[in-house]
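J.: Handing you a structure now.
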Amino acid sequence: RNRHRLTGGAAWQPTAVRAILDNPRYTGYQVWNRQRRDEVLINVHDVGLGYETRMRRNDPTEWIWSNEPSHEPLITRQQYDEVQERFHKNRRTSTRQTKTGRRYLLAGRIRCGQCGRRMEGAWNHDRPYYRCQVHRNDKVDRNGHAATIYVREEALLPGLDEWLGELFDTGHLDDTCRALAQAAQPDPDDQARHDKIRKRITKLDRELDGYRSIVRNEPEAAATVERWIAETTQERRRLETFLGVKASTRLTKDDIKALVASLRDITATLADADPTDKAAVYEEMGIDVTYHQDGQVLVESRPRVVSDGVGGGT
């Protein structure tokens, strides 16, 4: 039952002790306004996907402490303040040693075909690799998943560059143009997204009414609540602006022709490109790689100019 204690002894695990020292509620006081809710775009390159809520920690100076303790403390307020000062000092003085010369051209672009998770970069034998490790406590389907799946970056790049070049050669150009035209069609889910946003706006209106009621009835909380009102109003305006902008824009034939011409130029010399330029091309092309442990590779391209893109395999 006492998972915070080390096996076979009465000592507490260091992580449990740190968690107690870093939580103001263990001082016995109630603490409010420790976090705020921010609405951020799910994908900055595709606003049609909408927003998601992120909880972020407020500055401790904005926290609201109860006047009196409300429950039995584990640490004193003085101990908590001293520990926070030490934590803050350690964060200021600690420096992370950066390793120069290590570049992952496909960082964040490779998924494990077995479990669907993003593969992490790993430098091995002076070369960039990508790996997917399954640990005992991971909540993934371990059936058939090797303990560690490794793939060397240089084993992927030649085939990837060749495939990108083929998309714009004479034999495949018509197919690529058709795929881009199809990808630029209006999103059939736009109406559903708009309905969801309208519901969100309605909910924000109710929250604003509640905040204004607090200001009227509890003047001492006005400073904090007015900030909540400002944040909620800002989110509401952002959503209203989004509703006024058409999420998907259909490309004309001339638009597609210009897009293909620009992409054809940058993929023609990709194999000999500088690593920095090559990584930028992968970004612009929206490259997404799925690697299977049997060596099969699936590559998809979603150019940033359109809401979806061209898919294929190598």
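43 is the number of the first residue of the sequence shown in the working numbering; add one for each residue after it. Each residue gets a CB set at the ideal place from its N, CA and C atoms; glycine is no exception. Since the model is a prediction, treat every value here as computed from it, not as a measurement.
#1: Under 6 Å Cβ to Cβ from V257, same chain only, skipping five residues before and after it: list those, please.
#2: Specify, as a first and last residue, the run of the alpha helix (DSSP H) that Q276 falls within.
#3: Taking 7 Å as the cut-off, is the beta-carbon of Q335 closer than that to any non-hydrogen atom of the ligand SAM?
#4: Pull up the DSSP beta-bridge partners for I191, would you.
#5: Does the beta-carbon of G328 have 16 or more other beta-carbons within 10 angstroms, so that it is buried, or is it exposed?
#6: Could you tell me which residues DSSP puts in a beta bridge with E114?
#7: Please name the residue in A149, N166, R169 whose C-alpha comes closest to that of R160.
#8: Going by the CB atoms, is the gap between I191 and C154 shorter than 8 Å?
#9: For T274, is the classification buried or exposed, using 16 other Cβ atoms within 10 angstroms of its Cβ as the cut-off for buried?
#10: Contact defined as beta carbons within less than 8 Å: I believe P66 pairs with Y122. What is the distance between those atoms, to the nearest angstrom?
#11: Does DSSP put E81 in a helix, a strand or coil?
#12: Of the choices D168, I239, H187, I152, whose alpha-carbon is the least far from that of S343?
#13: Can you find the residues in the same chain that come closer than 7 Å, C-beta to C-beta, to K320, ignoring five residues on each side of it along the sequence?
#14: Have a look at N132, L246, V59 and flag the residue whose alpha-carbon is nearest the alpha-carbon of E277.
#15: Which same chain residues end up closer than 6 Å to F129 when comparing Cβ atoms and leaving out the 5 residues on each side of it in sequence?
T.: Quick answer:
#1: The count along the sequence shown starts at 1 and reaches residue 257 at position 215. Cβ neighbours of V257 beyond the five flanking positions: A264, V267.
#2: Here residue 276 is taken as the residue at index 234 of the sequence shown, counted from 1. 264-285 is the span of the alpha helix (DSSP H), which, as asked, contains Q276.
#3: No copy of the ligand SAM occurs in the structure displayed, which carries no ligand at all.
#4: The residue given as residue 191 occupies position 149 in the sequence shown. I191 is bridged to C174.
#5: For the purposes of this step, residue 328 is identified with residue 286 of the sequence shown, where counting begins at 1. Buried is the call here.
#6: On the sequence shown, position 72 is the one that residue 114 refers to. Note: E114 sits in no beta bridge, so no partner.
#7: The count along the sequence shown starts at 1 and reaches residue 160 at position 118. Of the listed residues, the one whose Cα sits closest to R160 is A149.
#8: Sequence index remark: in the sequence shown, residue 154 carries index 112 (1-based). Sequence index remark: in the sequence shown, residue 191 carries index 149 (1-based). Closer than 8 Å, so yes.
#9: Residue numbering aside, residue 274 sits at position 232 when the sequence shown is read from its first letter. Buried is the call here.
#10: Position 24 of the sequence shown holds residue 66. Position 80 of the sequence shown holds residue 122. Between Y122 and P66 the Cβ distance is about 6 Å, and since that is below 8 Å, they are a contact.
#11: Translated into positions along the sequence shown, residue 81 becomes position 39. Three-state DSSP puts E81 in a strand.
#12: Taking the sequence shown and counting its residues from 1, the one referred to as residue 343 is at position 301. Nearest C-alpha to S343: I152.
#13: Translated into positions along the sequence shown, residue 320 becomes position 278. Contacts found: L147, L312.
#14: For the purposes of this step, residue 277 is identified with residue 235 of the sequence shown, where counting begins at 1. By alpha-carbon distance to E277, the top candidate from N132, L246, V59 is L246.
#15: Within the sequence shown, the letter at position 87 stands for residue 129. Cβ within range, chain order: n/a, list empty.
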